[in-house]
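Reviewing the structure listed below.
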Amino acid sequence: MLLSRVHPEEWTGTLQEDFSLSTHHVINFSTALYHPWGSQTGSAAAAILYTAWISAANIFLIFLLITNVKLLNSRQNIVILHYAVSDLTVGVFYCPLTADFFLRGSWAHGCGSFFVWFTFVFPLTFLTTHSVFLLLMMRILPPCFRRYGLVVKNMARNCVFSASFIVLWAYLVAIVSALSAGRHENVHIAIAPGVVCKALVATHGAIIINVLVYFLPASMCLLLLLLVAIREKTLISTPSVQLTLEANTEQCTPIPLHLLSLLTILTSLLPLPAFLITTAMARGVCSSVECLAWLLPLGTVAEWVLFAKSGLVPLVIFMAPDFRAAIVGALHHFRRVPTSDTRDLVTNIEDPEEDGPFSSI
457 MLLSRVHPEE WTGTLQEDFS LSTHHVINFS TALYHPWGSQ TGSAAAAILY
507 TAWISAANIF LIFLLITNVK LLNSRQNIVI LHYAVSDLTV GVFYCPLTAD
557 FFLRGSWAHG CGSFFVWFTF VFPLTFLTTH SVFLLLMMRI LPPCFRRYGL
607 VVKNMARNCV FSASFIVLWA YLVAIVSALS AGRHENVHIA IAPGVVCKAL
657 VATHGAIIIN VLVYFLPASM CLLLLLLVAI REKTLISTPS VQLTLEANTE
707 QCTPIPLHLL SLLTILTSLL PLPAFLITTA MARGVCSSVE CLAWLLPLGT
757 VAEWVLFAKS GLVPLVIFMA PDFRAAIVGA LHHFRRVPTS DTRDLVTNIE
807 DPEEDGPFSS I
């Protein structure tokens with residue numbers, strides 16, 4: 457992060473004329489850059505709508521997961537909880553700051569939060585794609601173990617499951633450190649008169665990080681989904697009686713294949729436009745003022761497509777049988793409960809059959 461004084465004229469234009477990543481430039485970051493894609497009020501309204509939608513969907517999903525014993529007693533749903541918490545940050549962090557930016561017309565929260573907001577798609581996409589990768593691995597490994605006669609105790613499964621999260625977060629910390637250390641030295645972004653920040657990631661670092669946080673895990677998720685679909689479609693179907701017995705137990709059933717497929721496709725494909733644009737900009741494909749004035753707003757639209765995933769995925773999960781049952785149970789829980797006065801009235805009604813000690817004989 458870099459804070460320094462700049463000349464007032466560096467804040468007047470939207471983009472300097474001879475913009476190039478090879479020489480030093482200061483970009484004026486204001487809503488003038490986003491003018492081709494609508495008004496400030498419309499963009500702010502979209503951000504507020506996303507805030508309400510994404511926050512409500514993920515908060516309700518988290519509520520179901522932590523209050524329903526059947527749902528919580530499942531490693532699969534722990535991964536879904538991890539996914540939901542990651543998506544919730546879109547509704548409580550990114551979208552409110554975006555609405556504030558479009559309402560003000562400029563950034564007003566300093567360079568630290570600006571860098572996190574500017575690069576928010578990287579850690580979010582990393583966590584969600586790798587969460588889906590864990591779900592698919594948990595779906596395909598147990599049948600492989602059974603096929604080769606390998607018996608894995610429950611404690612060993614829990615240890616491996618916990619270790620996978622530790623490795624995942626250690627990997628994320630390394631990527632975030634690389635993001636922070638690899639900021640571009642030649643390009644600074646003016647967020648206010650007299651305040652400039654280093655927010656762009658250097659060319660080669662941006663390409664590598666795009667591959668690590670999105671292109672590689674998304675490709676692996678789609679490949680694993682194909683393997684899971686082939687395996688489950690070629691197996692003999694489970695008898696309906698057994699399915700009924702499994703549904704009546706306290707053990708949570710796996711997400712149906714069609715919902716798992718939709719979850720994987722949303723997570724893997726919706727970020728694609730945003731990361732293609734980011735990669736193109738990192739490679740210097742678009743360096744002229746006219747190109748950037750068109751590509752930056754388009755990149756914002758692509759990011760909105762990416763963040764729509766955070767509101768769509770909970771809706772997909774809600775369609776799973778165990779989650780539908782949990783929703784019904786939650787709605788019954790919020791039904792009106794009789795007041796204490798009503799209960800006292802019911803219990804104090806005298807029963808004529810209990811007048812004497814031998815009335816029940």
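Residue numbers are given in my numbering: position 247 of the sequence shown equals residue 703, and the series is strictly consecutive.
Ideal placement from N, C-alpha and C gives every residue a C-beta, glycine not left out.
- Classified as exposed, residue 637 has fewer than 16 neighbouring CB atoms from the shown chains inside 10 Å of its CB.
- Annotated three-state conformation of residue 646 is strand, per DSSP.
- Counted as a single uninterrupted DSSP element, the beta strand (DSSP E) harbouring residue 651 occupies residues 651 to 653.
- Comparing alpha carbon positions, the residue from 569, 554, 594, 674 closest to residue 532 is 594.
- Counting along the chain, residue 613 sits inside the alpha helix (DSSP H) bounded by residues 610 to 637.
- Counting along the chain, residue 727 sits inside no alpha helix (DSSP H), nor does DSSP assign it H or E at all.
- For the pair residue 524 and residue 782, the Cα-to-Cα distance works out to about 7 Å.
- Straight-line spacing of the CA atoms in residue 690 and residue 776 works out to 22 Å.
- For residue 506, the uninterrupted alpha helix (DSSP H) segment begins and ends at 496 to 523.
- The way I'd put it, the stretch 509 to 521 does touch the stretch 543 to 552; three or more beta-carbon pairs between them come closer than 8 Å.
- With 16 or more other Cβ atoms from the protein chains shown falling within 10 Å of its own Cβ, residue 765 counts as buried.
- Residue 611 sits exposed, since fewer than 16 C-beta atoms from the chains shown fall within 10 Å of its C-beta.
- Setting aside the 5 residues that flank it on each side, residue 673 is surrounded in the same chain by 585, 586, 589, each with a C-beta closer than 6 Å to its C-beta; the list follows chain order.
- For residue 596, the uninterrupted alpha helix (DSSP H) run begins and ends at 577 to 603, by DSSP.
- If you compare the alpha carbons of 604, 578, 651, 592 with that of residue 664, the shortest gap goes to 578.
- Under the three-state reduction of DSSP output, residue 676 falls in the helix class.
- In its chain, beyond the 5 residues on either side, 715, 718, 719, 722 have a beta carbon closer than 8 Å to the beta carbon of residue 772.
- Exposure of residue 618 is indicated by the presence of fewer than 16 other C-beta atoms within 10 angstroms of its C-beta.
- Going by DSSP, residue 533 is part of the alpha helix (DSSP H) stretching over 531 to 545.
- With distances taken between CA atoms, residue 534 lies nearest to 614 out of 662, 762, 614.
- The distance from the Cβ of residue 680 to that of residue 606 is about 19 Å, inconsistent with a contact at the 8 Å cut-off.
- A check of alpha carbon separations from residue 688 across 598, 542, 582, 528 identifies 598 as the nearest.
- With a threshold of 16 other beta carbon atoms within 10 Å, residue 652 meets it and is buried.
- Under the 10 Å beta carbon count, residue 626 is surrounded by fewer than 16 other beta carbons and is classified as exposed.
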